[in-house]
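In the working numbering, the protein residues as written are -4 to 132.
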């Protein structure tokens, strides 16, 4: 499991942010962000909440208690899933992965496709998580 500092650094880099960029969003110095990443300091509660909001992750993920970094709390599973109700970050992730697989990206607008991805993806993700968790015990 990644430490808090490593997780924060990975999130920052994957979001194409410099330490200075993140420091401005948090209203702290660049050195403070560096200290968070090297674990010389730990952010207070308000800063942790800001970090979770900036990177669209849960506090549990940020603190290493959760495997996935995608916040899916806004998704509801039903027969009339609107592809545009899916959060932007998840929509972008799906598009990016479809492109990597050389699959036509217009499939993303098909609600039955999205419903299957969400339903079966969550089920598969949960099974993988539980298998990995049991192996580590």
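Beta carbons are placed, not taken as given, at the ideal position from N, Cα and C, and that holds for glycine.
Query: Supposed close pair residue 3, residue 31 - CB separation, criterion 8 Å; Result: 6 Å
Query: C-alpha gap between residue 36 and residue 6, whole angstroms; Result: 17 Å
Query: Spatially closest choice to residue 22 from 122, 119 and 46, by CA coordinates; Result: 46
Query: Distance between residue 20 and residue 12 (C-alpha atoms, nearest Å); Result: 10 Å
Query: Rounded Cβ spacing between residue 28 and residue 17 (contact assumed at less than 8 Å); Result: 5 Å
Query: Where the alpha helix (DSSP H) containing residue 54 begins and where it ends; Result: 54 to 57
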